[in-house]
Amino acid sequence: MAQAWMIIERLENWRVDASNDFSFFGLSNRYNRIAAKIAENDIVFCYVSSGVSAFSDIRIVTETGLKPLKNQTYDAAFPNYFATRPILTLARERWVPIKTLASQLDLTRGKIDYRNLLMTSIRKLTEHDALLLEEQLRSVAAKAS
Numbered sequence: 002m003a004q005a006w007m008i009i010e011r012l013e014n015w016r017v018d019a020s021n022d023f024s025f026f027g028l029s030n031r032y033n034r035i036a037a038k039i040a041e042n043d044i045v046f047c048y049v050s051s052g053v054s055a056f057s058d059i060r061i062v063t064e065t066g067l068k069p070l071k072n073q074t075y076d077a078a079f080p081n082y083f084a085t086r087p088i089l090t091l092a093r094e095r096w097v098p099i100k101t102l103a104s105q106l107d108l109t110r111g112k113i114d115y116r117n118l119l120m121t122s123i124r125k126l127t128e129h130d131a132l133l134l135e136e137q138l139r140s141v142a143a144k145a146s
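Going by the numbering used here, 134 is the number at position 133 of the sequence shown; the sequence numbering is gapless.
What follows is the structure, given as C-alpha cells:
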C-alpha cells in the first residue's frame, strides 16, 4: 500500500496550487529529509490552516523525488516541490473541518490542543488516518453530487 501524507498549507498557497491544477506542492529546504521519503503513487491529503482548519483535497504523487521550483509562484520560502495530480477536490464550502475528525484521528486523538501538530508542512499519516480521511472526503464529495 502507498504511504499517506498530510500536507499543511495556508489558504493563499492552496490557491496557488489550485491555479496550477494541483500539479505540485512546494516545500522549504527544512523538509528535504522527510520529502526524500515521498514516493510515486503516495497519497497526499491537504489540510488548509490559516483560520480555515479543514481538509480540502486528495492528491497523488506522480514522481519520486524533490525538485527545485524553477518558476516561483509561492512565497520564496518554498524553493522545492514534489509533483502531484488531484484525485478529489472539494468545493470550498464542503471542506471537512478538522474539529469534526480530531477525536478519531490517531494524529489528534486525546489531545486538547493539537494546533502545534499542524504547523509542519508535511507529516506521515497512519493507515487508520488515511482510510478515515479518504472515507470522509469521498463521502462529502458524494453528497455534493
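Note that the Cβ used here is the ideal one computed from N, Cα and C, for glycine as well.
Span of the beta strand (DSSP E) holding residue i?
| i | result |
| --- | --- |
| I88 | 81-90 |
| I123 | 123-125 |
For the alpha helix (DSSP H) that residue i lies in, which residues bound it at each end?
| i | result |
| --- | --- |
| E10 | No alpha helix (DSSP H) contains E10, which is instead part of the beta strand (DSSP E) from 5-10. |
| L134 | 128-145 |
Per DSSP, residue i forms a beta bridge with which residues?
| i | result |
| --- | --- |
| D58 | C47, T90 |
| L108 | Answer by DSSP bridge pairing: none, since L108 is not bridged. |
So, at 7 angstroms on beta carbons, what are the nonlocal neighbours of residue i in its own chain, with the 5 sequence-adjacent residues on each side left out?
| i | result |
| --- | --- |
| A92 | A145 |
Whose C-beta lies closer than 8 angstroms to the C-beta of residue i among residues of the same chain, with five residues either side of it excluded?
| i | result |
| --- | --- |
| V53 | L12, W96 |
| F25 | D18, L70, Y82, F83, A84, T85 |
| N33 | L67, N81 |
Which of the three DSSP states is assigned to residue i in this structure?
| i | result |
| --- | --- |
| K152 | Here the chain comprises residues numbered 2 to 146, so residue 152 is not present and cannot be evaluated. |
| L119 | helix |
| V17 | helix |
Could you name the residues of the same chain whose beta carbon sits closer than 6 angstroms to that of residue i, not counting the 5 residues immediately before and after it, in chain order?
| i | result |
| --- | --- |
| M7 | F46, Y48, R124, L126 |
Touching by the beta-carbon criterion (3+ pairs, under 8 angstroms), the stretch 128-138 and the stretch 44-63: Contact between the stretch 128-138 and the stretch 44-63 is present, because at least three Cβ pairs lie under 8 angstroms.
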